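First up is the structure itself, then whatever we jot down about it.
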Amino acid sequence: MLPNTMEKCNVIEMFPKKKRDFSAMIPQSVLPDTEKELNEVIDIEDNMADSEGMDSMPEPIFNGVIEHLLEKGKTRDVLMYVLQANFGIRHSDLIKLKLINLIDIDGNFRDKVNWCEQKTSKTRQYIINDAVKAATIIYLRNHADKKLTDFLFTAEGRNKGYKKATYKDENGKVKALRQNGKFVYERDENGNFIPEPLRRDQAENTLKDALIAIGVKLKNDRRCKDGEYKLNTHSLRKEYSEKFSELAYELKANGKLK
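For the sequence shown, the positions run 95 to 352 when my numbering is used.
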């Protein structure tokens, strides 16, 4: 295209000789500037990363992560990842599990958990195997104050938060309730604040920290160079799926499964 024609018509040259850095022109105002917006963006990016395809968690790496977390005394995270790997459960369902889903009113482990998935509305059965039982016992030794009706996974330490009271405005939008500019928090029947469930980005960060600590180079973490694996909590669901398929093929080959 002739330069004068481009100038007059003000068109975009489709194949410029020199590429421009358009990323540098993006206004910084579009980026998240509050914690809430940042968490929403992280959740969206994680979901996009899932759709792009995560690697399955190799079993030796998974075991290394569990050993590392045990050494650090992070028994909540141990149970969380053991459940995900053995149940193949999504984070949105995981954080709704209560202790009573694993242990009955007589103090015995259940054989399975019947659960209606939030995403699919389908009922699944999660088998409570020895790995889940062992991780639960280790968890309860560090969380002896847990009751059967308590959620298993809530935020801890500096990330700990409590459930905010909400209301609907005139447009039907749910908003956090404030009094004199301060948030109002819900309380349970005993008058105690209700801990917030663990956010997905918190679970992701804990897993990535553990992976990097044991020497795994991640493709999906900026702290790593020359990454080898693309791993997050979705990789635990893939590990479950692969193990399930392997067992099914083995049973079929041995004539135990039609």
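Yeah, the Cβ is synthetic: ideal placement off N, Cα and C, and Gly gets one too. Just so we're clear, the structure is a prediction, and the values are computed from it rather than from any experiment.
Counting along the chain, V159 sits inside the alpha helix (DSSP H) bounded by residues 153 to 165. Checking the DSSP bridge columns, you'll see Y343 has no partner listed. Comparing alpha-carbon positions, the option among H185, T128, E134 lying closest to L301 turns out to be H185. The alpha-carbon separation between L330 and K258 amounts to approximately 31 Å. DSSP places V172 in the uninterrupted alpha helix (DSSP H) bounded by 169 to 181. Unbroken beta strand (DSSP E) stretches of 3 residues or longer found wholly inside the segment 182 to 213: 206 to 210, given in chain order.
N195 is the residue among D200, S215, N236, N195 whose C-alpha sits nearest the C-alpha of V207. Within the same chain, and ignoring the five residues on either side of I232 in sequence, the residues whose Cβ sits closer than 8 Å to its Cβ are L164, T169, V172, L173. Fewer than three Cβ pairs drawn from the segment 148 to 158 and the segment 210 to 220 lie within less than 8 Å of each other, which leaves the two stretches out of contact. In the structure shown, V278 adopts coil according to DSSP, grouped into three states. Distance between K241 and E283, taken at the CA atoms: about 14 Å. Counting C-beta pairs closer than 8 Å gives fewer than three between the segment 117 to 126 and the segment 258 to 274, which falls short of the contact rule. Beta-bridge analysis with DSSP links F245 to K192. Beta-bridge analysis with DSSP links K258 to Y279. Taking 8 Å as the cut-off, the beta carbon of T327 is found no closer than this to the beta carbon of L292. DSSP places A270 within a strand segment (E or B) once states are collapsed to three. A Cβ-Cβ separation of about 6 Å places L325 in contact with M148 under the 8 Å criterion.
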